[in-house]
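Asker: For reference, the structure I am asking about is given below.
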Ligand code: PEP
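In our numbering, the protein residues as written are 1 to 254.
Next up, the structure:
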């Protein structure tokens, strides 16, 4: 399937995999995905495995992402990791504003936008997550929530930075539940988000920005989801923890 925008499929390993386990998984991915050129492939291990994984994927078609970073450049922020520290391991992407961080760490759109600006300042591409909860969808609030999150989380970015930003639409009710959005639901949300991006960044920029879908993506639903006109890739949680399922998603998407 051909699209103007190159697909980007990222694995969010969350708080899984020791450094040794991460090394074993990425070695399998490197071998099995070596011929893939049609997709930007990204793995996002925990911080503690970035060093190991970065060594293994040198000279491969797999890029490294982190799952979070500080909005600050340096200083007295115990337990935080800066963009500059991520750059040491050749991190090219960072997931920001994942719904789990919005829920458990109470991350706000304002904080996410500060982190996105800090990521860009270090030439790391942010993957900015947005998505409605089940009760919000059922209450007819999906578009209102998406508008608030997209405008708030991308606030302050320039057009140039927007082009280097990935938006991940992740309906919270589909994350880790096995209940995926239908291709029609995903397409409708993605088209809405692209319309917002056009309002914010202009008609030149929005058609070039990539919008990933995330929420129970598996090898057996990837093809239909990825073939939607405004779906430009996937952010994969559970199915990225095994080479077979992550590779299956990638092969079924091209
Ligand atoms: C995620 O956490 O970003 C995610 C999409 O998880 P899963 O694929 O397990 O639903």
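The beta carbon of each residue, even a glycine, is placed where N, CA and C say it ideally should be.
Just so we're clear, the structure is a prediction, and the values are computed from it rather than from any experiment.
With DSSP as the reference, label residue 18 as helix, strand or coil.
Answerer: Coil, per DSSP.
Asker: Just list the residues that DSSP pairs residue 63 with in beta bridges.
Answerer: Looking at the DSSP assignment, residue 63 forms a beta bridge with 42.
Asker: In terms of residues, what are the limits of the beta strand (DSSP E) holding residue 7?
Answerer: 7-12 is the span of the beta strand (DSSP E), which, as asked, contains residue 7.
Asker: Could you round the C-beta distance between residue 109 and residue 142 to whole angstroms and report it? I think they count as a contact, below 8 Å.
Answerer: Rounded, the Cβ-Cβ distance is 16 Å, inconsistent with contact.
Asker: Report yes if the C-beta of residue 175 is less than 7 Å from at least one heavy atom of the ligand PEP; otherwise report no.
Answerer: Answer for residue 175: yes, Cβ within range of the ligand PEP.
Asker: Could you tell me the distance, in whole angstroms, from the CA atom of residue 1 to the CA atom of residue 61?
Answerer: Because residue 1 carries a pLDDT of 46, less than 50, the predicted location of this residue cannot be relied on, and no value is offered for it.
Asker: The beta strand (DSSP E) spanning residue 126 covers which residue range?
Answerer: Looking at the DSSP string, the run of the beta strand (DSSP E) that includes residue 126 is 125-130.
Asker: Closest to residue 215 by C-alpha separation, out of 139, 133, 206 and 192, would be which residue?
Answerer: With distances taken between Cα atoms, residue 215 lies closest to 133.
Asker: Pick out whichever of 99, 122, 55 and 167 has its Cα sitting closest to the Cα of residue 86.
Answerer: The candidate whose alpha carbon is nearest that of residue 86 is 122.
Asker: Report yes or no: do three or more beta-carbon pairs, one from the region 21-30 and one from the region 53-70, lie closer than 8 Å?
Answerer: The region 21-30 is in contact with the region 53-70.
Asker: When DSSP labels each residue in this structure, what does residue 210 get in the three-state scheme?
Answerer: In this structure, residue 210 counts as strand in the three-state DSSP scheme.
Asker: Under a Cβ-count criterion, where at least 16 other Cβ atoms within 10 Å of its own Cβ denotes burial, should residue 212 be classed as buried or exposed?
Answerer: Per the 10 Å Cβ criterion, buried.
Asker: Using 10 angstroms around the beta-carbon of residue 258, count the other beta-carbons present and answer buried if the total reaches 16, otherwise exposed.
Answerer: There is simply no residue 258 to check, as the chain begins at 1 and stops at 254 in what is shown.
Asker: Classify residue 153: buried if its beta carbon has 16 or more other beta carbons within 10 angstroms, exposed otherwise.
Answerer: Classification of residue 153: buried, given that the 10 Å Cβ count is 16 or more.
Asker: Quick one, are the C-beta atoms of residue 196 and residue 151 less than 8 Å apart?
Answerer: Taking 8 Å as the Cβ cut-off, residue 196 and residue 151 qualify as a contacting pair.
Asker: Thinking just about the alpha-carbon of each residue, which of 177, 129 and 163 is nearest to the one in residue 6?
Answerer: That would be 163, whose Cα lies nearest to the Cα of residue 6.
Asker: Give the single residue among 46, 188, 198 and 72 whose Cα lies nearest to the Cα of residue 112.
Answerer: Comparing Cα positions, the closest option is 72.
Asker: Do you know whose CA, among 254, 247, 240 and 145, lies nearest residue 15's CA?
Answerer: Looking at the Cα atoms, 240 is the closest of the given residues.
Asker: The ligand PEP and residue 170: does the residue's C-beta get closer than 7 Å to at least one heavy atom of that ligand?
Answerer: Answer for residue 170: yes, Cβ within range of the ligand PEP.
Asker: How long is the line joining the alpha carbons of residue 52 and residue 139, rounded to whole angstroms?
Answerer: Using only the alpha carbons, I get a separation of about 45 Å.
Asker: Could you tell me the boundaries of the alpha helix (DSSP H) in which residue 92 lies?
Answerer: First-last for residue 92: 91-96, but that is the beta strand (DSSP E), not the alpha helix (DSSP H).
Asker: Got a sec: does the ligand PEP put a non-hydrogen atom nearer than 7 Å to the Cβ of residue 98?
Answerer: Under cutoff, so the answer is yes.
Asker: Is residue 1 helix, strand or coil when you go by DSSP?
Answerer: Per-residue confidence for residue 1 stands at a pLDDT of 46, beneath the threshold of 50, marking its modelled position as unreliable; no derived number is given.
Asker: To the nearest angstrom, how far is it from the Cα of residue 79 to the Cα of residue 203?
Answerer: Residue 79 and residue 203: Cα-Cα distance of roughly 40 Å.
Asker: Closer than 7 Å: is that where the CB of residue 237 sits relative to any heavy atom of the ligand PEP?
Answerer: Residue 237: yes, Cβ under 7 Å from the ligand PEP.
Asker: Which class does residue 77 belong to by DSSP, given the choice of helix, strand or coil?
Answerer: In this structure, residue 77 counts as coil in the three-state DSSP scheme.
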